[in-house]
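To convert, count from 1 in the sequence shown and add 64; that's the working numbering. Note that the Cβ used here is the ideal one computed from N, Cα and C, for glycine as well. From a predicted model like this one, the values you see are computed outputs, not experimental measurements.
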Amino acid sequence: MSPKPTNCAGCGKLFLNPGTGKYCPACKQKHEKQMDEIAAYVRDNPRSSVDEICTALEVKKSLVIDMLRSGRLEEININIKYPCAACGKKISHGRYCKACGKKITGEIAASLRRVRKNAENQKIKKGVYSKDQWMDN
Ligand SMILES: [Zn+2]
Ligand SMILES: [Zn+2]
C-alpha cells in the first residue's frame with residue numbers, strides 16, 4: 065500500500081500514512097511509551113481496573129482496552145475486565161466474550177464457505193474449471 069495523507073486519530077494532524085494504522089508517528093511513539101507505563105503499572109497492580117489505570121497514568125481508556133484486546137497485557141497475568149468488542153459484556157481476555165466469539169467464528173466460516181461456493185459456481189459457469197486453474201490457485 066502506498067502512503068496516503070490521513071488525519072491522525074490521536075492529535076488530528078495530517079500525516080503520510082504508510083498503511084500501518086490510524087496514528088501519526090509522534091502519537092505512535094507516545095502510545096508506545098504509554099503502553100510501557102501501562103504494562104509496568106499493571107505488573108505492579110495486577111488487580112487494578114481499566115478506570116484505575118486511566119486515572120493513575122492519565123491515558124485514554126481506548127488505549128488500555130486496545131492493549132488488552134491485542135493481548136499485550138496477557139503475559140502479565142492480569143485480572144482486568146473490559147468490554148467485549150461486540151456486545152460490551154465484561155471479559156478478561158481476547159476481543160470477544162465466549163458467545164460472540166463463537167458466533168463470529170461461525171459467521172466468518174459461513175461467509176468463507178459462501179465466498180468459496182460463489183467462486184466455484186462462477187468457474188463452472190465460465191467453464192474454466194480446468195486443472196490448470198486449480199494449480200494457479
Ligand atoms: Zn497524532
Ligand atoms: Zn460479546
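Alpha-carbon to alpha-carbon, residue j and residue i
| i | j | result |
| --- | --- | --- |
| lysine 190 | alanine 183 | 11 angstroms |
| alanine 149 | arginine 159 | 6 angstroms |
| glycine 203 | asparagine 185 | As displayed, the chain neither begins before 65 nor continues past 201, which places residue 203 out of reach and without an answer. |
| lysine 166 | glutamate 138 | 21 angstroms |
| lysine 125 | threonine 70 | 23 angstroms |
| isoleucine 168 | serine 156 | 18 angstroms |
| proline 67 | glutamine 93 | 19 angstroms |
| glycine 135 | leucine 80 | 28 angstroms |
| arginine 177 | lysine 97 | 42 angstroms |
| cysteine 72 | tyrosine 87 | 5 angstroms |
| cysteine 75 | glutamate 122 | 16 angstroms |
| arginine 133 | isoleucine 188 | 42 angstroms |
| lysine 181 | alanine 104 | 49 angstroms |
| cysteine 164 | aspartate 108 | 31 angstroms |
| cysteine 161 | glutamate 171 | 15 angstroms |
Neighbour flag for residue i against chain B, beta carbons, 8 angstroms
| i | result |
| --- | --- |
| lysine 68 | In summary, chain B is missing from the structure at hand, where a single protein chain is found. |
Limits of the unbroken alpha helix (DSSP H) element including residue i
| i | result |
| --- | --- |
| asparagine 221 | The displayed coordinates of the chain run from 65 to 201. Any statement about residue 221 would go beyond what the structure contains. |
| leucine 127 | 125 to 133 |
| glutamate 116 | 114 to 121 |
| lysine 166 | 162 to 190 |
Those residues which DSSP pairs with residue i across a bridge
| i | result |
| --- | --- |
| leucine 80 | Pro69 |
| proline 147 | Lys154 |
Presumed contact (8 angstroms Cβ cut-off) between residue i and residue j, rounded CB distance
| i | j | result |
| --- | --- | --- |
| isoleucine 144 | serine 112 | 7 angstroms |
| valine 114 | isoleucine 129 | 7 angstroms |
| tyrosine 146 | lysine 154 | 7 angstroms |
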